[in-house]
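Numbered according to my numbering, the sequence shown terminates at residue 500, and the numbering increases by one at each position without gaps. A virtual CB, placed ideally from N, CA and C, is assigned to each residue, including glycine. All of these numbers come straight from a predicted model, not from anything done at the bench. To start, the structure under review is shown below, and the notes come after it.
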Amino acid sequence: MNRIFSGIQPTGNLHLGNYLGAIKNWVELQHQFESIYCVVDLHAITVPQDPVLLRTSTIEVTASLLAAGIDPKQAIIFNQSRVPQHAELAWIFNCVARLGWLNRMTQFKEKAGKNRENASVGLFAYPALMAADILAYKATHVPVGEDQKQHLELTRDIAGAFNAMVDEEFFPLPEPQILGQATRVMSLRDGSSKMSKSDQSDYSRINLNDDADTISQKIRKAKTDPDPLPETMEGLNDRPEARNLVTIYAALADCSSQEVLTEFAGKGFGVFKPALVDVAVEKLAPVTSAMRQYMDDQSYVLSVLDEGAERAHAIARPIMQDIRERLGFLGHSLG
Ligand code: TYM
Numbered sequence: 166m167n168r169i170f171s172g173i174q175p176t177g178n179l180h181l182g183n184y185l186g187a188i189k190n191w192v193e194l195q196h197q198f199e200s201i202y203c204v205v206d207l208h209a210i211t212v213p214q215d216p217v218l219l220r221t222s223t224i225e226v227t228a229s230l231l232a233a234g235i236d237p238k239q240a241i242i243f244n245q246s247r248v249p250q251h252a253e254l255a256w257i258f259n260c261v262a263r264l265g266w267l268n269r270m271t272q273f274k275e276k277a278g279k280n281r282e283n284a285s286v287g288l289f290a291y292p293a294l295m296a297a298d299i300l301a302y303k304a305t306h307v308p309v310g311e312d313q314k315q316h317l318e319l320t321r322d323i324a325g326a327f328n329a330m331v332d333e334e335f336f337p338l339p340e341p342q343i344l345g346q347a348t349r350v351m352s353l354r355d356g357s358s359k360m361s362k363s364d365q366s367d368y369s370r371i372n373l374n375d376d377a378d379t380i381s382q383k384i385r386k387a388k389t390d391p392d393p394l395p396e397t398m399e400g401l402n403d404r405p406e407a408r409n410l411v412t413i414y415a416a417l418a419d420c421s422s423q424e425v426l427t428e429f430a431g432k433g434f435g436v437f438k439p440a441l442v443d444v445a446v447e448k449l450a451p452v453t454s455a456m457r458q459y460m461d462d463q464s465y466v467l468s469v470l471d472e473g474a475e476r477a478h479a480i481a482r483p484i485m486q487d488i489r490e491r492l493g494f495l496g497h498s499l500g
């Protein structure tokens, strides 16, 4: 049986990278797979969080998922900390994963930066919690953006090591699904760095709650070059900013990058940027306005999370009990 699990952090605004790299695919996949989408508040606290903002962000991210078209009757949507099996399995995986495996994680190196000694142990162990998220449900498929690929390889390593330890094909080895045109959306200010929530400049990203004027301003100010667009994607090899905007256009318009170039070859950014503004506003405005409506009805959003947590717990609990038995833990967990 196929089952999808994916997660998103409730830290600040969701942006176009989250939307094109993950959420848009989740919306399509919910009809093909049993799908579990998780707002990962336990991951959020690997760096300091303000409790009031964390609660608000959890509601906002859930509202964005609903606004983007995830149907809570179809898919399960919940916040991670409500289902205790995530933390329980993460501990077990901390004892399965090797220090050397975690030491290789590039995202830890980026996030910890020079201040490595001062990073939380949780930030280092973050990928083991991610593996627990996925495997607590024996999920087989994980739709993510490209930046999560290394974490998913580690998940497969942990699943394999656990299976070897208990001498049984207990966990599936989950497949990453890195789908669509825009698996790595880059900053609008610098084509060599990823669009991210943590970039200091708000002009580097399009947020899902930006209004049409803001989207337009950000795209008009996006870094580009003076050359016209080429006829093929090879012509964009040394033009990361131009390539990024073409990719974003293709992903939003649901066409290929080549089709975009066929339409705009020979034209400069004076023509291309306004066209990109039109397609971005057309595709994002409905999501933004639906999100506002959900934020006006927060009791509904909370009820979705309540129901999702119960459905998720009903799946994870018996799997966790099987794990406890394999390891020799006496009795049932009370969680
Ligand atoms: P997070 O919250 O950073 O991002 C959520 C999803 O958005 C994708 N993404 C991007 N895709 C394309 N271009 C970008 N610039 C971009 N920025 C973000 C991410 O790849 C991700 O799919 N560790 C995860 C959350 C997580 C998780 C999991 C994911 C926790 N447990 C289990 C899958 C399965 C994270 O921090 O994603």
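Here Arg168 carries a strand assignment [DSSP, helix/strand/coil]. Residue range Ile241 to Asn244 is occupied by the beta strand (DSSP E) that includes Phe243. By the criterion of at least three beta-carbon pairs nearer than 8 Å, the stretch 261-279 is not in contact with the stretch 235-249.
Per the C-alpha coordinates, the member of Phe494, Ser498 and Leu470 positioned closest to Lys238 is Leu470. Taking the C-beta atoms as reference points, Thr305 is found nearer than 8 Å to Arg168. Membership of His208 in any beta strand (DSSP E) is not indicated; the residue belongs instead to the alpha helix (DSSP H) covering Asp206 to Ala209.
If you draw a straight line from the Cα of Ser464 to the Cα of Ile224, it is about 10 Å long.
In the DSSP assignment, His306 falls within the unbroken beta strand (DSSP E) covering His306 to Pro308. Each residue's CA atom was taken as its position, placing Gly400 and Ala228 some 40 Å apart. Only residues of its own chain outside the window of five on either side were considered, and among them Arg491 have a CB closer than 8 Å to the CB of Glu333, listed in chain order.
Shortest gap from the CB of Asn374 to any heavy atom of the ligand TYM: 7 Å or more. For Gln423, the enclosing alpha helix (DSSP H) covers residues Ser422 to Phe429.
Taking Ala415 as the centre and dropping the five residues before and after it, the same chain places the C-beta of Gln346, Ala347, Ser421, Ser422, Glu424 and Val425 closer than 8 Å to its C-beta, in chain order.
The shortest C-alpha to C-alpha distance from Gly356 to any of Ile188, Pro391, Tyr302 and Arg408 is the one to Arg408. The criterion of a C-beta distance shorter than 8 Å is not satisfied by Leu338 and Ala301. Relative to the ligand TYM, the beta carbon of His208 is positioned inside 7 Å of a heavy atom. Leaving aside the five residues that flank Met456 on each side, the residues in its chain whose CB is nearer than 7 Å to its CB run, in chain order, Ala228, Ser229, Ala232, Leu373 and Asn374. In this structure, the ligand TYM has a non-hydrogen atom nearer than 7 Å to the beta-carbon of Gly186.
Annotation: the continuous alpha helix (DSSP H) that includes Glu447 extends over Phe434 to Met460. For Glu193, there is no enclosing beta strand (DSSP E); the enclosing alpha helix (DSSP H) covers residues Lys189 to Leu194. Under the DSSP assignment, Pro216 falls in the alpha helix (DSSP H) whose first and last residues are Pro216 to Ala233.
In this chain, the beta strand (DSSP E) harbouring Gln342 covers Glu340 to Gln342. Rounded to the nearest whole angstrom, the CA to CA distance from Tyr184 to Asn178 is 11 Å. Distance from the Cα of Val204 is smallest, within the candidate group Ser246, Val350 and Met485, for Ser246.
The beta-bridge partner set that DSSP reports for Asn372 consists of His180. DSSP places Tyr291 within a helical segment (H, G or I) once states are collapsed to three. Residue side-chain check: Gly234 keeps its Cβ at 7 Å or more from all non-hydrogen atoms of the ligand TYM. Relative to the ligand TYM, the nearest heavy atom lies less than 7 Å away from the CB of Thr348. The stretch 435-453 and the stretch 378-395 touch, with no fewer than 3 CB-CB distances between them shorter than 8 Å. When the five nearest sequence neighbours on each side are left out, the beta carbons in the same chain lying within less than 7 Å of the beta carbon of Ser358 are those of Met351 and Ser352, in order along the chain. Sequence-distant Cβ neighbours of Arg476 in its own chain, meaning closer than 6 Å and more than five residues away, are Ile241. Rounded to whole angstroms, Phe434 and Leu394 show a C-alpha spacing of 8 Å.
The residue among Leu264, Ala445, Lys362 and Phe494 with its C-alpha nearest the C-alpha of Leu319 is Leu264. In this structure, the straight-line span from the alpha carbon of Ser369 to that of Glu340 is close to 31 Å.
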